[in-house]
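Asker:
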Amino acid sequence: MTNPFHPDLIQPGDMVRHYRVVSRLGSGGFANVFLVEHGGRPYTLKIAARPPGDEDEAREDERAFREAISLGHFRHPNLLTVRELGRWPDLEGGHFFFVTDHVPGSTFNTWRWRTQASLRRFIRVLAELVLVMAELHERGVCHRDIKPDNVLVREGDDKPFLIDFGAVFLPGAYTLTRELPPVTFHNMPPEVAAFLRGGEWEEGAHFPASPAADLYALGALLYEALTDCHPFNPRLPLDKLLLAIEFVPPVEPGQLEPRVPPGLSRLVMRLLDKDPAQRPPSARAVHEELMRLLESEGDTEAWTQPYAFATQEDAAALPGASQSKAAAGTREVSESPPVSESAAPAAPDSAGTGGEERGTGRPSGGWWRGLAVFAFVLLLLGIAWGFGRTVFASALEAVCSGAASTALVPPAPSEKGCEALLFTPPKSFRDTHALLCAASVQLLACSGVPVRPDAGGFLEQCPPEARQTAARAGFGQMPFTDVELVTGVHVGTVASPGMLNVKSGPVEGWMFLPGDERSYRVTGEAKVFQKRFYAQFDRIYLDALYPTPGIVPSPICAVVVSDREPTKKFGVLTYEVDKPIGAELDPAKVVYRGADAAILNAQLVDVYVQLPGRHFPK
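Numbering (the numbering used here), first residue to last: 1 to 618.
(1) Does DSSP put Glu620 in a helix, a strand or coil?
(2) My output table needs one value for Arg521: the three-state DSSP class, helix, strand or coil.
(3) Determine which residues share a DSSP beta bridge with Glu37 and list them.
(4) Distance, Cα to Cα, Ala327 vs Pro258?
(5) According to DSSP, is His490 part of a helix, a strand, or is it coil?
(6) Would you kindly work out how many angstroms separate the C-alpha atoms of Pro506 and Glu252, rounded to a whole number?
(7) Please classify Asp164 as buried or exposed, where buried requires at least 16 other C-beta atoms within 10 Å of its C-beta.
(8) Look at the Cβ atom of Tyr216, then the Cβ atom of Pro237, and state whether they are nearer than 7 Å.
(9) So within the region 206-293, which uninterrupted alpha helix (DSSP H) runs reach at least 4 residues, ignoring any that extend past its ends?
(10) Report the rounded CA-to-CA distance for Ala283 versus Pro514, giving the unit in angstroms.
(11) Taking a contact to mean a Cβ-Cβ separation below 7 Å, would you say Val605 touches Ala558 in this structure?
(12) Taking only the alpha-carbon atoms, compute the straight-line gap between His6 and Glu484 and give it to the nearest angstrom.
(13) Gly624 by DSSP, collapsed to three states: which one?
(14) Figure out for me which residue from Leu80, Val36, Ala213 has the closest Cα to the Cα of Cys142.
(15) What is the residue span of the beta strand (DSSP E) that Pro661 lies within?
(16) With a threshold of 8 Å on Cβ separation, who are the neighbours of Ile599 within its own chain once the five nearest residues in sequence on each side are excluded?
(17) Would Leu256 be called buried (16 or more neighbouring beta carbons within 10 Å of its own) or exposed?
(18) Check whether the Cβ atoms of Arg466 and Pro555 lie closer than 7 Å to each other.
(19) Kindly list the residues whose CB is nearer than 6 Å to the CB of Val99, restricted to its own chain and excluding five residues on each side of it in sequence; keep chain order.
(20) Look at the alpha carbon of Asn32 and the alpha carbon of Gly40, and state the distance between them as a whole number of angstroms.
(21) Identify, in the order they occur along the chain, each residue of the same chain with its Cβ nearer than 7 Å to the Cβ of Asp596, setting aside the five sequence neighbours on each side.
(22) Can you tell me whether Ile581 is helix, strand or coil according to DSSP?
(23) From the DSSP output, in three-state form, read off His73 for me.
(24) Name the DSSP beta bridge partners of His186, please?
(25) With DSSP run on the structure shown, which of helix, strand or coil describes Thr107?
(26) Rounded to whole angstroms, what's the CA-CA distance from Gly509 to Asp14? Just pull it up for me.
(27) Counting beta carbon pairs with one atom in the region 125-144 and one in the region 274-288, are three or more of them shorter than 8 Å?
(28) Should Ser70 be labelled buried (16 or more other beta-carbon atoms within 10 Å of its own) or exposed?
(29) Please list the terminal residues of the continuous alpha helix (DSSP H) segment that includes Ile123.
(30) For Asp90, count the other beta carbons within 10 Å of its own beta carbon; 16 or more makes it buried, fewer makes it exposed. Which is it?
(31) Run through DSSP, which three-state label would Thr100 get?
(32) Who are the near neighbours of Pro51 in its chain, counting only those whose CB is closer than 7 Å to its CB and skipping five residues on each side?
(33) Give me the Cα-Cα distance between Phe34 and Val151, rounded to the nearest whole angstrom.
(34) Ala244 to Phe232, Cα distance in whole Å?
(35) Can you have a look at Thr304 and say buried or exposed, based on whether 16 or more other CB atoms are within 10 angstroms of its CB?
(36) How many Å lie between Ala134 and Gly594 at the Cα?
Okay, here's the thing in structure tokens:
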């Protein structure tokens, strides 16, 4: 047992008040979560990352306190029950913590992937969740952060729990996030995107909480569950992402995934409507619609078969494209086009030793006609709005030249734009090319098979503003630094405390800057294979030490490398193929398993940061 003084240092066996720490369940931007034990019973303890005070720029203490008070105020079988709250290690100025009953289970996406749940099974889970939302909304409460990570599905009976009430809006209470709701950028409602683009928040204007925004977030959650894609590509640069959310309709789920029942596809599109008034009138109405679909279609084969998406192993096992579940119209995602030496030096081998294979894209042949039609109509509407094609082209064309290339996007297109990955559009639609690119890049980002990230392309196509961020941060002749990962689960022992269980998806960390004693929060995307871990960071919070509502992060381009030698490979080897001598792994702590999860030997990774006028390697 150690004697820690900060939540980041807490280890299994330590005591937080009278609770014995069993394991760390997770770490995030605002808090650490632990499985603890007292009196022979398991509990979950959540503790704020910072104590109260002027340095708590993200107001993490207040966020944790608000969550505890909210959960204590609402007694509901689908909400966690608060058993105790307090401060640690000091009773007056310590980190705020609260204790709830421990619910053994997984977050919604993890549960869905692990169980290969049928459509009927996970829609039943979401229908029960929507009923919780309805009861909160009817009491004037808005959750404001509905997403898969905030839905916990209990083992054994699939009972959903709505968690993380740190951003909740309570009628009559002081609003924690005064200017902007703390939504995930790529899932923010169009009205929030318009508010952010308009800049009113910089003048202190408040964005009112509304049930309609929660319903939009529910639509984004449903969209992801049905298609394995986001409604809008998370890798779009922020300004273009906001434009797309505000003006470009997402591709209908049924066009991306043929298994989506038409009724569900229509419901999702209504939830994602640009106009809040056109969304379903209430969460209770959504619940009634889901139950109607379950009753009328739930016993059919389409609803009862496992609703899983192809994995890397599934694709490798198929002898030919004709046997793919999406064989009709499926195309192979080709390798990146060769880059001449005069254009850019050759990037290091990013294949690593993991043996990852590139996957196949999933869009079928029918989606092109639908895209062309809605883009043409949207263009006409844009002219009527005074938002013509020149604005669309300047705002969105960067996507087509690979500006959004990351772990979730196939190999970067050439400077020819979308034509590098798509066949040439009909001449009658040439004028809508930029808009089509912005929409189709979302489809290209939705391969159901894990693909090796094109880190070299990501760096070479790093936008000028991101390179300037690196220069402003103090990077000069040595564009290397360290990032301490905070996304993941600690699975080491006291002898090996840094070992981290990670999975593919959003990733956060602390980046150390040259000549600065502080570290700064960075966010990005990780792609994890059993033998190699890749990560690309594209946002850094230079103007606030923490992700703070109302504070827009700066763009940056940084990738994880095996060490600080430019001749080395992108990514780092995992514990499976690079076991350090004397390393101790506690298998009981491993939460993430499967083809998209692995164990890292250390929490600290080397990264390369792209600078103005530079290429990688040097």
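Yeah, the Cβ is synthetic: ideal placement off N, Cα and C, and Gly gets one too.
Answerer: Well, looking at it:
(1) This structure cannot speak to residue 620, because the chain is shown only from 1 to 618.
(2) strand
(3) Arg20, Pro42
(4) Low confidence applies to Ala327: its pLDDT is 31, below 50, so where it sits in the model is not reliable enough to give any reading.
(5) strand
(6) 24 Å
(7) buried
(8) no
(9) 211-227, 238-247, 253-256, 262-271
(10) 49 Å
(11) no
(12) 16 Å
(13) In the structure as shown, the chain starts at 1 and stops at 618, and residue 624 therefore has no counterpart that could be examined.
(14) Ala213
(15) A question about residue 661 goes unanswered here, because the residues of the chain that appear run from 1 up to 618.
(16) Val491, Met499, Leu500, Asn501, Val502, Thr574, Tyr575, Glu576, Leu585, Val590
(17) buried
(18) At residue 466 the sequence reads Ala, which differs from the Arg that was named. A contact, by the Cβ cut-off of 7 Å.
(19) Tyr43, Leu45, Arg83, Glu84
(20) 22 Å
(21) Pro450, Lys503, Ser504, Val528
(22) coil
(23) helix
(24) Looking at the DSSP assignment, His186 forms no beta bridge with any residue, so it has no partner.
(25) strand
(26) 24 Å
(27) yes
(28) buried
(29) 119-137
(30) exposed
(31) strand
(32) Asp61, Gly93, Gly94, His95
(33) 17 Å
(34) 7 Å
(35) exposed
(36) 35 Å
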